[in-house]
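Below you'll find the structure, written out as structure tokens, and then a few comments.
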Amino acid sequence: LNAGVLVISRAEQESTGKKLRQAGANKIVMPAAIGAHRMARLITRPSTADMMELVTETNLPGFELDEIPLPENAKLVGVSVRATEARRKHGLLVVAVKQAGGEMLFNPDADYKFRIQDTVILMGRSEDILRFRSEFSV
């Protein structure tokens with residue numbers, strides 16, 4: 030398969046998922062497992078389940094999670110989370126940073142400085158995200 034193409038496959042069983050991965054699939058979606066995890070969360074952590082639904086479903090018009098990849102020339106490279114004033118100035122929450130190696134850094138420290146090939150994951154109102162993107166040209 031072409032290494033530059035993201036291959037997403039659907040599987041009903043874990044064994045099928047393993048075979049699809051061996052065949053070159055990058056991501057495997059297992060609807061039954063997703064449903065089971067959601068049901069368990071509804072029982073054990075109902076408020077968390079409500080929050081996850083608000084974030085992942087489009088129940089709040091104008092509210093979203095967005096990701097901003099940082100290429101080499103991005104204005105955000107070398108800038109700290111604090112210096113962006115994401116919360117104070119834009120009303121945004123920096124949820125996570127996916128680093129170049131794939132590691133997910135949740136709730137990054139205010140002093141964390143964005144790096145080349147980071148992906149910044151923001152949560153907030155669509156218009157605030159657009160203003161943030163505009164300010165930092167991303």
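Offset between the sequence shown (1-based) and my numbering: plus 29.
For glycine and all other residues, C-beta sits at the position ideal for the given N, C-alpha and C.
Item	Value
Buried versus exposed, by CB contacts within 10 Å (16 or more), Ile-150	buried
4 or more residues per run - each alpha helix (DSSP H) lying fully within the region 49-80	60-73
Buried or exposed by the 16-neighbour rule on C-beta atoms within 10 Å, applied to Ala-176	With the chain represented from 30 up to 167, any question about residue 176 goes unanswered, as that position is not in the structure.
Residues near Arg-154 by beta carbon distance below 7 Å, same chain, minus five either side	Gly-91, Phe-92, Gly-120
Candidates Leu-35, Ala-65, Val-106: closest to Ala-54 by CA position	Leu-35
Contacting residues, own chain, Cβ-Cβ under 8 Å from Pro-100 (five flanking each side not counted)	Ile-145, Gln-146
Reference Ser-166, options Asn-136, Asn-102, Leu-134, closest by Cα	Asn-102
C-beta atoms of Val-124 and Met-81 nearer than 9 Å	no
Gly-46 - DSSP class collapsed to helix/strand/coil	helix
Completely contained beta strand (DSSP E) runs for the region 92-155, where each covers 3 or more residues	92-98, 122-127, 133-135, 148-154
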